[in-house]
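Inspection log for the structure reproduced underneath, given as structure tokens.
Protein chains: 2
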Amino acid sequence: MTTAKRDTYTPESLLTVAVRVFNERGYDGTSMEHLSKAAGISKSSIYHHVAGKEELLRRAVSRALDGLFAVLDEPGAQRGRAIERVEYVTRRTVEVLMAEVPYVTLLLRVRGNTRTERWALERRREFDHRVAELMKAAVAEGDLRADVDIRLATRLLFGMVNSLVEWYRPQPGGFPGEEQLADTVVQLVFEGMRATGDQDR
Amino acid sequence: MTTAKRDTYTPESLLTVAVRVFNERGYDGTSMEHLSKAAGISKSSIYHHVAGKEELLRRAVSRALDGLFAVLDEPGAQRGRAIERVEYVTRRTVEVLMAEVPYVTLLLRVRGNTRTERWALERRREFDHRVAELMKAAVAEGDLRADVDIRLATRLLFGMVNSLVEWYRPQPGGFPGEEQLADTVVQLVFEGMRATGDQDR
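Protein sequences appear in the order of chains A and B.
So the first sequence is numbered by my numbering: it starts at 1 and just counts up by one.
So the second sequence is numbered by my numbering: it starts at 202 and just counts up by one.
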């Protein structure tokens, strides 16, 4: 028999527990019972904070999505040549991901079985689309190569960026550092790995 | 009540069914009962072919690993400058992945709970290490930039390549074509997206 903890949760701290359980068991595989056990409070205490597990999912993926969309409204994403804006957005996307690993992990695993999941998938597609539009603008301005399919390149770019959730764990002073990681992603995608002789600019 | 199908399976065709179920339910979440239902034959018929679900896992991930390691023994991976060999290996890795989507998907999801899973993780690390060694050789020969951390670049490269299993489905004449996909990955990683003015060479 487990002794129920006194409910000192806020919707925010309950969310931290829920996201961990969703990522461990999958959203579909998580019941209110699992959440109640993990949080150490009764199901009715959880219902005191939220309407149910779908509300927790919505809050969690919203946090990841809000972080990503906020990047698009930052001055660095709004001003200057399209190439500078797309590099800025790439760098900041990596940073948001590193700051919000559990939330972005959950977002990336969303499958589309519920209304909230379908909404999250739709928002993800919209974000990818906004970045693809920036890339197209950079092609039109002559700064990105015109011989690469932009839809495919965008998918591959996000494939690389999103793969970080598989192994990146925040660790002060650990390898790689956050800045090094963001720099390397931007370098790889935009400059490539080949030595060109002008890499000191 | 389900009518059991007459057992016309070979170990090979049984493997196809098992890999599908493992990818749908997760290896841990799959029981012999699930495999028996999906194959439409009794559990004892399955035991006639294999010792248990771990043998099926081992056969499945071996198929993916054998495909990947075979690339390293091909002439294109053995001869010439390191940069040409590493580009060759990247292209062929994409091709193996596209040809073996379900098997590579399973390999990438292996977590390390059983001996077979730990063995598979060890083999994956060995493959990544072999590619990282090729990259280092290309840096030493002056063809890859020296200002990028190779361990990190290798992780990001595989992050991009492995992300293909999330969305790529073989489809004759579909978008993107296999060759276009392999070309684009190699271009992105080695040449980058930036227009350089010498892309017609």
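Idealized CB from N, CA, C, for every residue including glycine.
Residues that DSSP places opposite arginine 395 of chain B in a beta bridge: Within the DSSP bridge table, the entry for arginine 395 of chain B names A/Leu144 as partners.
Enumerated in chain order, which unbroken segments of the alpha helix (DSSP H) with a length of 4 residues or greater are wholly contained in the region 207 to 295 of chain B? The region 207 to 295 of chain B contains these whole alpha helix (DSSP H) runs: 212 to 226, 233 to 240, 244 to 250, 254 to 274, 276 to 279.
Could you check the C-alpha separation between lysine 244 of chain B and leucine 215 of chain B for me, to the nearest Å? Distance from the CA of lysine 244 of chain B to the CA of leucine 215 of chain B, rounded to the nearest whole angstrom, comes to 12 Å.
So leucine 107 of chain A and leucine 65 of chain A are supposed to be a Cβ contact under 8 Å. How far apart are they, rounded? Indeed, because the Cβ distance is near 7 Å, the residues count as touching under 8 Å.
Can we say the region 49 to 64 of chain A touches the region 90 to 105 of chain A, given the rule of at least three CB pairs closer than 8 Å? These segments touch.
Just the chain B side, please: which residues come within less than 7 Å of glycine 143 of chain A by C-beta, in chain order? Checking the displayed sequence, the identity of residue 143 of chain A turns out to be aspartate instead of glycine. Against aspartate 143 of chain A, the close residues of chain B are Arg395, Ala396, in the order they occur along the chain (beta-carbon pairs closer than 7 Å).
Mind pulling the chain B residues with CB within less than 9 Å of aspartate 149 of chain A? Under a criterion of Cβ atoms nearer than 9 Å, the residues of chain B adjacent to aspartate 149 of chain A are, in order, Phe376, Pro377, Gln381, Thr385.
Find out if the Cβ-Cβ distance for the pair glutamate 133 of chain A, arginine 81 of chain A is shorter than 8 Å. No.
Give every residue of the same chain whose Cβ lies closer than 6 Å to the Cβ of threonine 30 of chain A, excluding the five residues on either side of it in the sequence, and list them in chain order. The residues Val21, Phe22, in chain order, have a CB closer than 6 Å to that of threonine 30 of chain A in the same chain once the five nearest residues on each side in sequence are set aside.
Considering proline 102 of chain A, what are the terminal residues of the alpha helix (DSSP H) in which it resides? Boundaries of the alpha helix (DSSP H) around proline 102 of chain A: 101 to 109.
From leucine 257 of chain B to threonine 217 of chain B, what does the alpha carbon distance come to, in whole angstroms? If I take the Cα positions, the gap works out to 10 Å.
Answer yes or no: do threonine 196 of chain A and leucine 357 of chain B have a C-beta to C-beta separation smaller than 8 Å? Contact check for threonine 196 of chain A against leucine 357 of chain B fails: the beta carbons are separated by 8 Å or more.
Can you list the residues of chain B that serine 31 of chain A reaches, using a CB-CB cut of under 8 Å? Within 8 Å Cβ-Cβ: nothing; serine 31 of chain A doesn't reach chain B, min ~15 Å.
Limits of the unbroken alpha helix (DSSP H) element including arginine 155 of chain A: Residue range 150 to 162 is occupied by the alpha helix (DSSP H) that includes arginine 155 of chain A.
Note down the Cα distance separating glutamate 234 of chain B from lysine 254 of chain B, rounded to an integer number of angstroms. The alpha-carbon atoms of glutamate 234 of chain B and lysine 254 of chain B are separated by roughly 10 Å.
Measuring straight from C-alpha to C-alpha, what distance separates phenylalanine 359 of chain B and methionine 160 of chain A? For phenylalanine 359 of chain B and methionine 160 of chain A, the distance between alpha carbons rounds to 8 Å.
To the nearest whole angstrom, what separates the beta carbons of arginine 346 of chain B and arginine 194 of chain A, a pair I think is in contact under 8 Å? Yes, arginine 346 of chain B and arginine 194 of chain A are in contact; Cβ-Cβ is about 7 Å, under 8 Å.
Between A/Ser45, A/Tyr47, A/Trp119, A/Leu181, which lies nearest to aspartate 350 of chain B when the distance is taken from Cα to Cα? Nearest Cα to aspartate 350 of chain B within the set A/Ser45, A/Tyr47, A/Trp119, A/Leu181: A/Leu181.
Closer than 8 Å between beta carbons: that is the criterion. Which residues of the region 91 to 107 of chain A meet it against chain B? Cβ contacts with chain B: none found.
For the putative contact between methionine 135 of chain A and alanine 153 of chain A, defined by C-beta atoms under 8 Å, what is the C-beta separation to the nearest angstrom? Right, their Cβ atoms sit about 7 Å apart.
Under three-state DSSP, which class holds arginine 115 of chain A? Of the three classes helix, strand and coil, the one that applies to arginine 115 of chain A here is helix, per DSSP.
Aspartate 348 of chain B to glycine 192 of chain A, Cα distance in whole Å? Straight-line measurement puts the Cα of glycine 192 of chain A at about 12 Å from the Cα of aspartate 348 of chain B.
When the cut-off is 8 Å and only beta carbons count, does glutamate 334 of chain B lie next to chain A? Taking 8 Å as the CB threshold, glutamate 334 of chain B stays off the interface with chain A.
CB contact flag (phenylalanine 328 of chain B, phenylalanine 391 of chain B, <8 Å): The Cβ atoms of phenylalanine 328 of chain B and phenylalanine 391 of chain B lie no closer than 8 Å to each other.
Starting from the beta carbon of glutamine 187 of chain A, find every residue of chain C whose beta carbon is closer than 7 Å, and list them in chain order. In the structure shown, chain C does not exist; the protein chains are A and B.
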